[in-house]
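Accompanying notes for the structure given below.
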Amino acid sequence: MSTLLATSTTMHEAENHNATQKRKDAGTLFVLKSKGSWIHCGYHLVTSIVSPSLLSLPYALTFLGWKAGIICLVIGGLVSFYSFNLICLVLEHHAHLGNRQLLYRDMARDILGPRWGRFFVGPIQFAVCYNNQVLCALLGGQCMKAIYLLSNPNGTMKLYEFVVIFGCFMLILAQIPSFHSLRHINLVSLLMCLSYSACATAASIYIGNSSNVPKKDYSLLGDRANRLFGIFNAIPIIANTYGSGIVPEIQATLAPPVKGKMLKGLCVCYVVVAFTFFSVAISGYWAFGNQAAGLIFSNFIDNNNPLAPNWLIYIPNICVIAQLSANAVEYLQPTNVILEQIFGDPESPQFSPRNVIPRLICRSLAVITATTIAAMLPFFGDMNSLIGAFGYMPLDFILPVIFFNVTYKPSKRSTIFWLNVTIAIVFSTLGTMAAVSAVRQMVLDAKTYQLFANVTFSSYFSVVLGMTLSGGLHVGKGQLCLPSTIGSSGGTSFPNVILKLIDKSAIVEDPAASLLLLPLA
Numbered sequence: 001m002s003t004l005l006a007t008s009t010t011m012h013e014a015e016n017h018n019a020t021q022k023r024k025d026a027g028t029l030f031v032l033k034s035k036g037s038w039i040h041c042g043y044h045l046v047t048s049i050v051s052p053s054l055l056s057l058p059y060a061l062t063f064l065g066w067k068a069g070i071i072c073l074v075i076g077g078l079v080s081f082y083s084f085n086l087i088c089l090v091l092e093h094h095a096h097l098g099n100r101q102l103l104y105r106d107m108a109r110d111i112l113g114p115r116w117g118r119f120f121v122g123p124i125q126f127a128v129c130y131n132n133q134v135l136c137a138l139l140g141g142q143c144m145k146a147i148y149l150l151s152n153p154n155g156t157m158k159l160y161e162f163v164v165i166f167g168c169f170m171l172i173l174a175q176i177p178s179f180h181s182l183r184h185i186n187l188v189s190l191l192m193c194l195s196y197s198a199c200a201t202a203a204s205i206y207i208g209n210s211s212n213v214p215k216k217d218y219s220l221l222g223d224r225a226n227r228l229f230g231i232f233n234a235i236p237i238i239a240n241t242y243g244s245g246i247v248p249e250i251q252a253t254l255a256p257p258v259k260g261k262m263l264k265g266l267c268v269c270y271v272v273v274a275f276t277f278f279s280v281a282i283s284g285y286w287a288f289g290n291q292a293a294g295l296i297f298s299n300f301i302d303n304n305n306p307l308a309p310n311w312l313i314y315i316p317n318i319c320v321i322a323q324l325s326a327n328a329v330e331y332l333q334p335t336n337v338i339l340e341q342i343f344g345d346p347e348s349p350q351f352s353p354r355n356v357i358p359r360l361i362c363r364s365l366a367v368i369t370a371t372t373i374a375a376m377l378p379f380f381g382d383m384n385s386l387i388g389a390f391g392y393m394p395l396d397f398i399l400p401v402i403f404f405n406v407t408y409k410p411s412k413r414s415t416i417f418w419l420n421v422t423i424a425i426v427f428s429t430l431g432t433m434a435a436v437s438a439v440r441q442m443v444l445d446a447k448t449y450q451l452f453a454n455v456t457f458s459s460y461f462s463v464v465l466g467m468t469l470s471g472g473l474h475v476g477k478g479q480l481c482l483p484s485t486i487g488s489s490g491g492t493s494f495p496n497v498i499l500k501l502i503d504k505s506a507i508v509e510d511p512a513a514s515l516l517l518l519p520l521a
């Protein structure tokens, strides 16, 4: 017994020593401090996965219907939990061997080869994380504008002004020194996501039982081609909603020994996932059917009149803003690692002028750049869809099963080997379809973007999620252009809630282009 205990202690000491030896750069030394517990890991995982993108799940169900929609939600949850658990097992395996990996690109380098880490995993993870910064600034500004217009309907402030305000808040949070330092902020984030999900569910149930809501219709809109295109949109939306992309960096915050801690953290996370994802998706789709908007909050207002009590609209928007700030600063951590590696000095103390001044400048520039992009390109959805296809799909669904098969080398006759191969093939196919759809829409929209556009709350979210349907949705100078066949038999399906938020008298029809020209508010 004493021999076993001594051996175990020696292993833990070796793991600690190895982690210290590997931290030769300022990035892992200062940003990825391994001091956390499994409950802290749970907070980090919740913040990275349970984000306001879950508010689009009722919209995804409009393309799938009840049965297929619920099945896709369940499969997405099971596969993502399985994939994240595989990452944890691989990380624990290497830590047990004395080679603890702290970054996703470290895993790719050690398992697949140095080029995979440097030229594939590193760039796509950076793109995913920085893309998230831009989207957080966009949605944060949109939520602020929604609150502003609800309290002051005649207000004249523009979207980019709210984006800048949110960016200033992000600028302060970005200076938090390490990932581990976010544990209390991420606990607040967990409470915020529970709050806005509960409010969204309550508002949907309230409106669904009232007489103000249109008759519920759960049929799939459009002809066969449009329905197929809708499915290609809906499945990647659900898959990306379950995405994280920074699981190894979260594992790096755990104090050694790491064995078993990530699984506990994942269980905490998926209890929250089960409550938030399914409650919002089911209640939202039940209340509004195929009229569910890209952001379920948009359904709570009809002709500028709230359908639910004002507090059920104010509170979730405030909670979303708070959670977005935590989500943004968490996804900034891989970028912070890179910046510290380049500009930091591991031989100097973390809070010495030598490290503090470059850190302040670099992190501030990173946030300012993301905020500027968000203000300039409010229709960032096409690029977001492309990055999601090439980013979240590989990082969260494809690479984990490959890492496991390469590391553990299960028999080719075993069930787990072929399960992993099947997951890799299916999600590679889904990622390719989503990428083709995003590139197609980028080509259609390339000539119609307007810098610093002041888009409406619902029209923004319908595009930012990459949900434009065949027939096209474009943004011209001061106008939102939709196909004139909307609502007609066999025409393009599009949530009517967007049309409800626009002054009908201002709609102009362009017969030559078969478009409806809708002014942006």
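Per UniProt numbering, the very first residue in the sequence shown carries number 1; after that it's consecutive.
Think of the CB as a built atom: it goes at the ideal place given N, C-alpha and C, for glycine as much as any other residue.
When DSSP labels each residue in this structure, what does residue i get in the three-state scheme?
i, result
"residue 254", "strand"
"residue 306", "strand"
"residue 230", "helix"
"residue 6", "Per-residue confidence for residue 6 stands at a pLDDT of 39, beneath the threshold of 50, marking its modelled position as unreliable; the derived number appears in the next sentence. In this structure, residue 6 counts as helix in the three-state DSSP scheme."
"residue 431", "helix"
"residue 155", "coil"
"residue 289", "helix"
"residue 391", "coil"
"residue 260", "coil"
"residue 36", "strand"
"residue 29", "helix"
"residue 405", "helix"
"residue 117", "helix"
"residue 334", "helix"
"residue 183", "helix"
"residue 270", "helix"
"residue 346", "coil"
For my contact list, residue i and residue j are in at a C-beta cut-off of 8 Å; report their separation, rounded to the angstrom.
i, j, result
"residue 222", "residue 59", "Their Cβ separation, rounded to whole angstroms, is 14 Å, which puts residue 222 and residue 59 out of contact at 8 Å."
"residue 43", "residue 187", "5 Å"
"residue 126", "residue 334", "7 Å"
"residue 341", "residue 98", "About 23 Å; that fails the 8 Å criterion."
"residue 296", "residue 55", "5 Å"
"residue 253", "residue 179", "5 Å"
"residue 167", "residue 137", "5 Å"
"residue 48", "residue 250", "7 Å"
What are the start and end residues of the alpha helix (DSSP H) that includes residue i?
i, result
"residue 218", "Residue 218 -> no alpha helix (DSSP H), and no H or E assigned at all."
"residue 92", "65 to 96"
"residue 148", "122 to 151"
"residue 106", "104 to 111"
"residue 354", "353 to 376"
"residue 316", "311 to 331"
"residue 398", "Where residue 398 is concerned, there is no enclosing alpha helix (DSSP H), given that its DSSP letter is neither H nor E."
"residue 57", "57 to 62"
In the DSSP output, which residue or residues are listed as bridge partners for residue i?
i, result
"residue 423", "Answer by DSSP bridge pairing: none, since residue 423 is not bridged."
"residue 176", "DSSP, once it has assigned bridges, lists no residue as partnering residue 176."
"residue 301", "306"
"residue 245", "DSSP, once it has assigned bridges, lists no residue as partnering residue 245."
"residue 265", "Note: residue 265 sits in no beta bridge, so no partner."
"residue 208", "Paired residue(s): none; residue 208 is not in a bridge."
Could you tell me whether the Cβ atoms of residue i and residue j are closer together than 7 Å?
i, j, result
"residue 428", "residue 232", "no"
"residue 247", "residue 87", "yes"
"residue 159", "residue 140", "no"
"residue 317", "residue 217", "no"
"residue 269", "residue 31", "no"
"residue 401", "residue 366", "no"
"residue 70", "residue 403", "no"
"residue 200", "residue 272", "no"
"residue 243", "residue 396", "yes"
"residue 389", "residue 434", "yes"
"residue 65", "residue 220", "yes"
"residue 193", "residue 50", "yes"
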